[in-house]
Amino acid sequence: MSRVHDMGGRFGDGPVRREADPEPVFKEEWQAHALALTLAAGSLGRWSLDESRHARECLEPRDYMRFSYYEKWLAGLTDLLVAKSIVTAEELTSLSAQPAAPELQQRRLPAAKVAAVLSSGGPTLRAEAGNGIAFELGQKLRVRRSGNLAVAGGHSRIPAYVMGQVGTIIRLHGNHVFPDSNAHSAGEAPQPLYTLSFAASDLWEDAESDLDQVMLDLWHSYLEPL
Numbered sequence: 019m020s021r022v023h024d025m026g027g028r029f030g031d032g033p034v035r036r037e038a039d040p041e042p043v044f045k046e047e048w049q050a051h052a053l054a055l056t057l058a059a060g061s062l063g064r065w066s067l068d069e070s071r072h073a074r075e076c077l078e079p080r081d082y083m084r085f086s087y088y089e090k091w092l093a094g095l096t097d098l099l100v101a102k103s104i105v106t107a108e109e110l111t112s113l114s115a116q117p118a119a120p121e122l123q124q125r126r127l128p129a130a131k132v133a134a135v136l137s138s139g140g141p142t143l144r145a146e147a148g149n150g151i152a153f154e155l156g157q158k159l160r161v162r163r164s165g166n167l168a169v170a171g172g173h174s175r176i177p178a179y180v181m182g183q184v185g186t187i188i189r190l191h192g193n194h195v196f197p198d199s200n201a202h203s204a205g206e207a208p209q210p211l212y213t214l215s216f217a218a219s220d221l222w223e224d225a226e227s228d229l230d231q232v233m234l235d236l237w238h239s240y241l242e243p244l
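Under our numbering, the first residue of the sequence shown carries the number 19, and numbering increases by one thereafter.
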């Protein structure tokens, strides 16, 4: 069973309302601070992007549904900071902190370097993969019906609505860090990454058009030959 964050195709959450353009990047100042805190903490090198995603996925369902976007970010970051022993729950409660350990101070990201670090991104492309021969362009494959195979209830990038469905490879992306492994500090374990096209009418019973296609990026081990 998927977690509450896997909302694709789920009923009961009401319509998705499009906001007027142009929408500001941050509607309130604290949201910019939340993003800055998340990026600054990430520069400490104690977790990966996949781990930070998983931390947000692991929020209590009740909290996940009532929190705004950046409230989810702050809650996930708080859990990571405590789990990685960077701060304690007592420090958070008392709003007072002990000096950071020397190794953390050395990882501090000075303001003058922020723009360069952000522009470099976090490339996940790797030279080699460890799981054998890749699938081919144009090949039809079925998406497996299970999530993370190594960690029960673990992080996975397979949307529930596409499990068991058949799609066609339309693009090859090379070998990329495998999030199901990387989110649990089990190594990058790179695998081939593909874009697959699915007929919307196969995924949704009442698709608006039989001509519509849904494109998804999926890793090698998510897929099974027909």
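C-beta: ideal position from N, C-alpha, C; glycine also.
Item                                                                                                                                                                     : Value
Looking only at its chain, what residues have a beta carbon closer than 6 angstroms to the beta carbon of Leu122, apart from the 5 residues adjacent to it on each side? : Leu62
Leaving out five residues before and five after Arg21 in sequence, what residues of the same chain have Cβ atoms less than 6 angstroms from its Cβ?                      : Glu75
How would you label Gln124, buried or exposed, when you count the other beta carbons within 10 angstroms and need 16 or more for buried?                                 : exposed
What are the boundary residues of the beta strand (DSSP E) that includes Tyr88?                                                                                          : Tyr88 -> not in any beta strand (DSSP E); alpha helix (DSSP H) instead, spanning 87 to 101.
Which same chain residues end up closer than 7 angstroms to Gly156 when comparing Cβ atoms and leaving out the 5 residues on each side of it in sequence?                : Thr186, Ile187
One question on the structure: do Ser66 and Asn200 come within less than 7 angstroms of each other, judged by their Cβ atoms?                                            : yes
I need the DSSP call for Pro177, collapsed to helix, strand or coil.                                                                                                     : coil
Is DSSP giving Trp237 helix, strand or coil here?                                                                                                                        : strand
Who are the Cβ neighbours of Glu206 in its own chain at under 6 angstroms, not counting the five residues just before and after it?                                      : Val195, Asn200
Which class does Leu110 belong to by DSSP, given the choice of helix, strand or coil?                                                                                    : helix
Quick check on DSSP: helix, strand or coil for Lys158?                                                                                                                   : strand
Rank Val43, Asp198, Leu211, Arg162 by C-alpha distance to the C-alpha of Pro243 and give the top, closest one.                                                           : Arg162
With DSSP run on the structure shown, which of helix, strand or coil describes Leu55?                                                                                    : helix
Tell me the residue span of the beta strand (DSSP E) that contains Ser272.                                                                                               : With the chain represented from 19 up to 244, any question about residue 272 goes unanswered, as that position is not in the structure.
Using DSSP's beta-bridge definition, name the partner residues of Leu211.                                                                                                : Trp237
Hey, Asp198 and His238 are a contact pair by Cβ (cut 8 angstroms); roughly how many whole angstroms apart?                                                               : Wrong, their Cβ atoms sit about 11 angstroms apart, outside the cutoff.
Please name the residue or residues paired with His194 in a DSSP beta bridge.                                                                                            : Leu143, Gln209
By DSSP's criteria, Pro243 is part of a beta bridge. Which residues make up the other side?                                                                              : Leu159
Name the residue from Glu47, Glu154, Gly26 whose alpha carbon lies nearest to the alpha carbon of Leu190.                                                                : Glu154
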